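The sequence shown begins at 226 in our numbering and counts up one residue at a time.
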Amino acid sequence: MFSALRTLPLRARPAVARTFATTPRVFAGHKAAALLGEGAKPGEVPTDENQATGLERLELLGKMEGVDVFDMNPLEMTRIGTLEDPIKIYSLFPERHVGCTGYPADSHDTIWLTVTNSKKNHRCPECGSVYALDFHGDPHAHEHH
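Below, the structure written as structure tokens:
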């Protein structure tokens, strides 16, 4: 097999070279995000902080700092939204799902609405409460998932 590789022309052989895009970043001292745990030492049982990766690690690091990274708290419904004064839904994405239970809370079954920044207001068909997206994301970003 190796003799066959030696007979190939030079241009067909794979070459490993560092790209120009990564070289300045490496030399500038930029570090990758710490979304990989360091792992447990040999002979120890790993903790969640040692072995968590990705979004789970992001959530754990956020909890250690006292930050709810996914903002899972319910909306404070102290009033019903109107066309003149809708309930603002904070979002970094141009679309958000909202479950309306009416005002006062739990006055009807949960109705799920898709609130987008392409439409100014979104109204619950059951209670009439109006919601509007308070978009804080990058308007020029493409919606890659």
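Beta carbons are placed, not taken as given, at the ideal position from N, Cα and C, and that holds for glycine.
Here the structure is a predicted model, which is why all the values come from computation and not from measurement.
- When C-alpha distances from residue 302 are compared across 329, 320 and 334, the shortest belongs to 329.
- Out of 307, 299 and 316, the CA that lies nearest to the CA of residue 340 is found in 316.
- Counted as a single uninterrupted DSSP element, the alpha helix (DSSP H) harbouring residue 288 occupies residues 279–290.
- Ranked by how close their Cα comes to the Cα of residue 335, the residues 349, 342, 262 and 309 have 349 in first place.
- The bridge partners DSSP lists for residue 324 are 337.
- Rounded to whole angstroms, the gap between the alpha carbons of residue 299 and residue 262 is 31 Å.
- The three-state secondary structure of residue 310, taken from DSSP, is coil.
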